[in-house]
Amino acid sequence: MSHSNLDQLLGAVVDADQVLILPHNDPDPDAIASAFGLKKLLMQRRTNSSVQIAFQGIIGRAENKALVRYLGRPLRPLTTATLQHATCIALVDTQPGTGNNPLPADVTPHIVLDHHVWRDETTAAAFYDVRPGFGSTSTIVAEYLYAAGIVPNQMLATALFYGIKTDTMGLVRGATPADVEMFHTLQALTDLNALDEIQRAQVPASYFKGLVTAFQAARIRGALLTTYLGAMSYPDQAAEIADTLLRLQGTTWVICVGYYEDELIISVRSRARSGGAGQLVRAVVGDLGMAGGHGTMAAGHVPLNGVDPARLAETLEQRALKLLDLDSHAVGAPLI
């Protein structure tokens, strides 16, 4: 990465006294770590600015909660006042127009750092660095830190390392040479005891109840496994369970659907060499909501608007079956 990119990034906040960093809704480790890393960069290189991280949604997964606790709870729930008072807004691990962040449609961010599929709305930002080929946004942020001459301390290194590890599944999912290099660079600085505590964080009883529901509802059609969770305890429970189900022998695709409050959430996982999870979920959700992701992992959100969630989930499943050239009338074999 060139130093000109760093200069442009810092230039985007040169006149800002209130910087607000927004990760995507229900932030995962990559979003949390990259937001935390950007805050550290701006605080060290732009000391005249107040920098805070705010998010919308819930940090529900046990490991994510443990990471936030380890970092000293640097994220705060977003308020209207915080958004209105911000003189510079940075989107991290997300982009404008995706529907998975709290940025109002009529507000243009000043900075966008992301590794997801390119969005045309991003061009309006004063500075953007979007690298769809990268395995994590944490890698991108870490590059900026090193370009600025900032060696991450143990806490920051642990967060960034974990962000890369989770989004690339330990470098086996969508990792680039840059991800691999930064992974090993940060690993040498990581607090391994803290990392172990984060990765083995205790889970609530609702986690196991969700697994039971998923196993009982799961249906297998060839290399596809689908399941419906019903009401979820936290928004990213569908993704958490989809990751587990993808380990089933003979499974190439997993589609896990559930609802949280007034929104249906679909999580897609793929072992296919060609990927296609992001393309599939965007086609499945269509104009019903918002969706996006990578080759092997993707998600979509559909407002319920009073519609029965089980019925809506069935509609999405039928779309997926047709897109994967599977018999939409086949009931499928039970998992258990």
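The sequence shown lines up with residues 0 to 335 when you count with numbering that gives the first Met the number 0.
C-beta: ideal position from N, C-alpha, C; glycine also.
On a predicted model such as this, the values are computed, not experimentally measured, just so you know.
message: Quick check on the DSSP output: what are the complete alpha helix (DSSP H) runs of length 4 or more inside the region 44-105, in order along the chain?
response: 61-69, 79-84
task: Starting from the C-beta of ARG268, find all residues in its chain whose C-beta is less than 6 Å away, skip the five residues before and the five after it, and write them out in chain order.
output: ALA241, LEU245, VAL253, MET296
- request: Keeping to the same chain, check which residues put their C-beta closer than 8 Å to that of LYS39; ignore five residues upstream and five downstream.
  value: LEU144, ILE149, PRO151, LEU155
- request: Say yes only if the C-beta of ALA141 is nearer than 6 Å to one or more non-hydrogen atoms of the ligand GDP, and no if none qualify.
  value: Inclusion of the ligand GDP in the displayed structure is not the case, the ligand content being empty and no account of it being possible.
field: Counted within 10 angstroms of its Cβ, other Cβ atoms place PHE182 as buried (16 or more) or exposed
entry: buried
query: Under the rule that 16 or more other beta-carbon atoms within 10 Å means buried, what is PRO176, buried or exposed?
result: exposed
query: Going by the beta-carbon positions, is the gap between ALA276 and GLY291 smaller than 7 Å?
result: no
- prompt: So, is ILE335 buried or exposed, given that buried needs 16 or more other C-beta atoms within 10 angstroms?
  reply: exposed
message: Considering only the alpha carbon of each residue, which of GLN153, GLY285, THR136, ASP6 lies closest to TYR69?
response: GLN153
message: Going by DSSP, what residue range makes up the beta strand (DSSP E) through ASP128?
response: 126-129
- request: Rank LEU247, ALA141, HIS114, GLY59 by C-alpha distance to the C-alpha of LEU188 and give the top, closest one.
  value: ALA141
Buried versus exposed, by CB contacts within 10 Å (16 or more), ASN304: exposed
query: Is THR165 near PRO22, with beta carbons less than 7 Å apart?
result: no
query: Below 8 Å, can you find three or more Cβ-Cβ pairs linking the region 305-312 to the region 222-231?
result: yes
message: Would ASP128 and LEU102 be called neighbours here (beta carbons separated by less than 7 Å)?
response: no
Complete runs of the alpha helix (DSSP H) confined to the region 143-220 [at least 4 residues]: 153-166, 176-186, 191-198, 204-216
query: In chain order, what residues of the same chain lie with their CB nearer than 8 Å to the CB of GLY59, ignoring the 5 residues before and after it?
result: ASP25, SER232, TYR233, PRO234, ASP235, GLN236
- prompt: For LEU247, does the count of other Cβ atoms within 10 angstroms reach 16, so buried, or fall short, so exposed?
  reply: exposed
- prompt: How long is the line joining the alpha carbons of ALA213 and ARG75, rounded to whole angstroms?
  reply: 31 Å
query: Between the beta-carbon of THR243 and the beta-carbon of ALA222, is there less than 7 Å?
result: no
- request: Check whether the Cβ atoms of LEU385 and VAL91 lie closer than 7 Å to each other.
  value: Not covered by the structure: residue 385. The range shown for the chain is 0 to 335.
message: Let's test the definition: count the other Cβ atoms within 10 Å of the Cβ of ALA85 and tell me whether it reaches 16, buried, or not, exposed.
response: buried
- request: Identify which residue in SER33, ASN47, ALA65 has its Cα closest to the Cα of ASP195.
  value: ALA65
Buried versus exposed, by CB contacts within 10 Å (16 or more), VAL50: buried
- request: Can you give me the start and stop residues for the alpha helix (DSSP H) that GLN278 sits inside?
  value: 276-284
- prompt: Just checking my contact of ALA96 with GLU120 at CB under 8 Å: how many whole Å lie between their CB atoms?
  reply: Per the sequence shown, residue 96 should be read as Gly rather than Ala. At roughly 4 Å, the Cβ-Cβ gap stays under 8 Å, so GLY96 and GLU120 are in contact.
task: Reducing DSSP to helix, strand and coil, say where ARG118 ends up.
output: coil
- request: Less than 8 Å between the CB atoms is what I'm expecting for ILE265 and GLY299, so what's the real figure, rounded?
  value: 4 Å
message: Looking only at its chain, what residues have a beta carbon closer than 8 Å to the beta carbon of LEU323, apart from the 5 residues adjacent to it on each side?
response: LEU223, TRP252, LEU279
Minimum C-alpha distance to GLY132 - residue among ILE110, PRO108, THR167: THR167
field: Nearest candidate by alpha-carbon position, reference ALA319, set VAL330, MET289, VAL284, VAL301
entry: VAL284
- request: Note down the Cα distance separating ALA89 from LEU77, rounded to an integer number of angstroms.
  value: 14 Å
- prompt: Do you know whose CA, among HIS2, PHE35, ASP6, LEU9, lies nearest ILE20's CA?
  reply: PHE35
task: Could you check what DSSP says for THR226 in three-state terms: helix, strand or coil?
output: strand
- prompt: In the DSSP assignment, what residue or residues form a beta bridge with SER266?
  reply: CYS255, ALA298
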